[in-house]
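Protein chains: 4
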Amino acid sequence: MEDVVIRPLEKVTLKDPILIEGLPGVGNVGKLAADYLKDQLPAKPLATVFSKFFPPQVYVSEEGIIRLVSNDLYYWKAGVSGRDLLVLGGDYQGISPEGQYEITERVLDFCSGLGVREVFTLAGFAQGRVVEEPRVLGAATNPQRVAELKKYGVTFSRNDPGGGLIGASGLFLGLGRLFGMEGACLMGETSGYFVDPRSAEAVLHVLCQALSLKIDFAALKAKAQEIDRIAQKIHDAEQRSGESSSTPAERPRDDLGYIG
Amino acid sequence: MEDVVIRPLEKVTLKDPILIEGLPGVGNVGKLAADYLKDQLPAKPLATVFSKFFPPQVYVSEEGIIRLVSNDLYYWKAGVSGRDLLVLGGDYQGISPEGQYEITERVLDFCSGLGVREVFTLAGFAQGRVVEEPRVLGAATNPQRVAELKKYGVTFSRNDPGGGLIGASGLFLGLGRLFGMEGACLMGETSGYFVDPRSAEAVLHVLCQALSLKIDFAALKAKAQEIDRIAQKIHDAEQRSGESSSTPAERPRDDLGYIG
Amino acid sequence: MEDVVIRPLEKVTLKDPILIEGLPGVGNVGKLAADYLKDQLPAKPLATVFSKFFPPQVYVSEEGIIRLVSNDLYYWKAGVSGRDLLVLGGDYQGISPEGQYEITERVLDFCSGLGVREVFTLAGFAQGRVVEEPRVLGAATNPQRVAELKKYGVTFSRNDPGGGLIGASGLFLGLGRLFGMEGACLMGETSGYFVDPRSAEAVLHVLCQALSLKIDFAALKAKAQEIDRIAQKIHDAEQRSGESSSTPAERPRDDLGYIG
Amino acid sequence: MEDVVIRPLEKVTLKDPILIEGLPGVGNVGKLAADYLKDQLPAKPLATVFSKFFPPQVYVSEEGIIRLVSNDLYYWKAGVSGRDLLVLGGDYQGISPEGQYEITERVLDFCSGLGVREVFTLAGFAQGRVVEEPRVLGAATNPQRVAELKKYGVTFSRNDPGGGLIGASGLFLGLGRLFGMEGACLMGETSGYFVDPRSAEAVLHVLCQALSLKIDFAALKAKAQEIDRIAQKIHDAEQRSGESSSTPAERPRDDLGYIG
């Protein structure tokens, strides 16, 4: 089979579209942000991406209906004044380095055909400690973009991320340049221990400013509070049980890992 | 070499055929069921599937004759009134995620050429505990099929399988949709500790109802009783030896794992 | 690059040639036998096989000259009365399952072009214990060949090899059948702990009978005695040192593993 | 995408050019040497090599600008009298055996098109102990080259490197021969515990003699002294702290590993 199969669901013409990528990763920040944006706009399904570089897996809905794992591209028409958007979300990133390259390249190629010349990638940045007020760290393809994002409160740190970016959020920018695309990565600080809607909210706030979008953050705030409540409950239970064999740092991860 | 080599053994024309897949997996339930069905119909060899995504291995028969590991497609002609069947069994599933996709896609492509528009996949569902009366869990490609299978006693659970289906039984349905095929997966509950003919029997009962097939279950029941006897003997031996270092849950797996 | 690159060194026409494969494996029995046969005939270099499925490695000779790891095909002309031979030896088998298939298929394709219709593969069979008088176990592509090899003292066991053959020695026969080739595998019993020229000698004796070849075994016997001497020295040293932390079964492997 | 993408930055005609390879590896000796040579000549960027066999990673500069990981080819024009040079450096070697082959072959193919018939590869040779005065070990594609390099003090040892060379420094020579290229590998002795500019200096001294190049070694010597100072400080700290749980051999590796 083809390494990557892109199934268009609709044929659209877009106005100078911007691609926004948010796939599963650290704290699921990027995926939470992209999925939330997609729902709020709301964006419509445009194409489904299947690949042999995803796990050989189907999901089963509560009604018993199967669905092959995929990445999914949505589009949103801005109307008369603004630029259209493409939002890429999905179940997985490619599960091998080679697969990461192949999938990213094919999606970029498809988006390039739709006129995309600009990319924002959304991700989490693991700090390894609880982060009360997540900052948004940035990286970009050129100095103008760095300067512009600083205006929206994005932090460009001399040392972070020290080892660079690994995975789709870096690759969409790095390979994007081979397609003549410019862009930036917005990384929400997060503990790295559980899914983090608060960090996703911080990232989306910056993105909305940069793109002059207005969305309602209420549902995302509610989700963040739900996570807080569960985390608190676990914390309390551990206080009561005293010297449990599992450390607080490990437990929340188990219990909160797949909420989101 | 080609990633997947399909060697036809015969040229046949089939009447609206249904593909039934049962490859090695949890409790070998799917393979046991498919092999038993193939023997009982009986179905005839149609094509052999070789692939570099199988292990580089040959089996040697008791007479010393070698045979390259493969998947194998059999066909059965229903006669005047019914629909023909294709049964896929074999030694292995693809041993890498990529291989799973490649093999499944090529077999589906071949079956599509034979007119297949409907697929049943057979599998085990590991419960991690002894299952006295295995239920058959289901997942399907559309709500009509869910409703229909419920009539045959198939359980569609809101939570199981929670993580979806991994491997050939999911992929034949997920990729099958890209070939315009509809279908369902029938999963027999099993402990997951040893091969489980009883679970295979439960799965086959549902399948035979759904396809209006009549087969003799005597030999499969006998196999189930043989497994029971061995399991009982192990259990008794462990009772006698008292505090053995291996747990009962581990021992039967070693001894029963390759019966089937 | 091509997955497998075969560089012919000479252009030859061969008379109904038989391919003999002996690559590194259990006890290095197959490689020892094939290399020894090649030297004794003596066979001439015919082609070099490079592949990205070998390790990315060069060897350096004592004179400081590098050589890319490879498999190597030699030919021997039988003269007026007999059939010509091709001998395949080398540094490695393919290091991934996929690589095993690709390399074997390409070499078979090349040999098929030279007229090969018959293959002997040489290997070791690990018994996990010291073997004083190694038997030669067999597996073949058809019953006639089984019957014929029994005449030369080859053992066809109902149970061995139980899990089949893994690697080149099985694959050259299994894939060979897709090229219309028949053949057999000769497996010399060996402990599996160190390289075993004695087992290689047993295998070669059978092969020479089957092919009506006469070669001098003196150098191979000498090598076997050298291994015996070293093994005895290690054994004596361990007896003296009493309860060493390493077991006798482990030590010879370390010290003898790369003699050969 | 293509397995390996070579993006030329400029079109040049070179005079009988020699390729010098120095990628990350043991002690980072090869990369330190190649990068230093490139800066001192100074050589100009000629082409960028991207590949799906590199990690899916971008680096972020101190200014926040991203850059996809790559290998990088530079050229240097010798002027009227000498031969031109190509210097290959980069962030990574291919991260799989297959990737090593693919990348090396494609770069060699590109360089072959530029007229390269001669290759020097630069590497470190891990001794597992502190090396005060690093020797330069050699391996070459032919005896003439061995003899010539001995004149520059290169050591050709009967036993080192015993297992051959693994990775790019061996492969550029081994595969280079398939392109009709001759060459040699220069390996600077190093402990293997940390990056080693002193070993890189030893390697470069030999290379400059062999190529009649004159470069200033001051900055490389300074870097070596900086490493020495840090190593001394760690050593002193450990002496003071007495029986620390980490051994001296482990600690410098952690602290010095990414200087260079």
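Chains as they are written, first to last, in our numbering: chain X, 52 to 311; chain C, 52 to 311; chain Y, 52 to 311; chain U, 52 to 311.
Ideal Cβ placement from N, Cα and C applies to all residues, glycine included.
| Item | Value |
| --- | --- |
| Cβ of C/Val63 within 8 Å of any chain Y Cβ | no |
| Where the segment 224-252 of chain Y meets chain C: residues whose CB sits under 8 Å from a CB there | Leu224, Gly225, Leu226, Arg228, Leu229 and Cys236 |
| Rounded separation between U/Val55 and U/Glu153 - CA only | 7 Å |
| Per DSSP, the bridge partner or partners of Y/Gly140 | Y/Asp123 |
| For X/Gly150, the first and last residue of its enclosing alpha helix (DSSP H) | Pro148 to Gly164 |
| Residue-level contact to chain X via CB, C/Ala191, 8 Å cutoff | yes |
| Interface flag, Y/Tyr110 vs chain C, CB-CB below 8 Å | no |
| Residue-chain proximity (Y/Gln151, chain C), Cβ-Cβ < 8 Å | yes |
| DSSP state of X/Pro248 mapped onto helix, strand, coil | helix |
| Y/Val55 - partner residues in DSSP beta bridges | Y/Ser102 |
| Whole-angstrom distance between X/Val158 and Y/Pro75, CA atom to CA atom | 43 Å |
| Rounded separation between U/Gly133 and U/Ala94 - CA only | 15 Å |
| U/Arg280 burial status per 10 Å Cβ neighbour count (16 or more: buried) | exposed |
| Per DSSP, the bridge partner or partners of U/Tyr110 | U/Arg118 |
| C-beta neighbour in chain Y for U/Arg209, strict 8 Å | yes |
| According to DSSP, residues forming a beta bridge with X/Glu233 | X/Glu169 |
| Buried/exposed call for X/Ala198, threshold 16 Cβ in 10 Å | exposed |
| Any C-beta of chain X under 8 Å from that of U/Phe104 | yes |
| Residue-level contact to chain C via CB, X/Arg304, 8 Å cutoff | In this predicted model, X/Arg304 has a pLDDT of only 39, less than 50, meaning its place in the structure is not dependable enough to derive any value. |
| Contacts that U/Gly115 makes with chain X (C-beta to C-beta distance below 7 Å) | Gly189, Ala190, Ala191, Val197 and Phe207 |
| Straight-line Cα distance separating C/Pro148 from X/Pro106 | 6 Å |
| is_contact[Y/Pro194, chain U] using C-beta, thresh 8 Å | no |
| Distance between Y/Phe161 and Y/Ala261 (C-alpha atoms, nearest Å) | 24 Å |
| Residues near C/Val167 by beta carbon distance below 6 Å, same chain, minus five either side | Pro68 and Leu70 |
| Residues near C/Ser208 in its chain [Cβ-Cβ closer than 7 Å; skip 5 each side] | Leu188 |
| Buried or exposed by the 16-neighbour rule on C-beta atoms within 10 Å, applied to X/Leu237 | buried |
| Chain X contact for C/Gly215 (CB, 8 Å cutoff) | yes |
| Residue-level contact to chain Y via CB, U/Glu183, 8 Å cutoff | no |
| Any chain U beta carbon closer than 8 Å to Y/Leu119 | yes |
| Within-8 Å CB hit, C/Leu70 to chain Y | no |
| Where Y/Leu344 falls: helix, strand or coil (DSSP) | Lying before the first or after the last residue shown, residue 344 of chain Y is absent from chain Y, which here runs from 52 to 311. |
| First through last residue of the alpha helix (DSSP H) which encompasses C/Leu188 | From DSSP, C/Leu188 is part of no alpha helix (DSSP H) but of the beta strand (DSSP E) over Val187 to Ala191. |
| Best match in Y/Leu173, Y/Ala98 and Y/Thr64 for proximity to Y/Val205 [C-alpha to C-alpha] | Y/Leu173 |
| Validate contact between the segment 251-271 of chain Y and the segment 213-224 of chain Y using beta carbons, cut 8 Å, 3 pairs | no |
| Proximity of U/Ala235 and U/Arg186 at Cβ, strictly below 8 Å | no |
| Exposure label - U/Glu301; buried when at least 16 CB within 10 Å | Caution is warranted here: a pLDDT of 42 is assigned to U/Glu301, below 50, making its placement in the model unreliable, and the coordinate value is therefore given only provisionally. It is exposed - the Cβ of U/Glu301 has fewer than 16 other Cβ atoms within 10 Å. |
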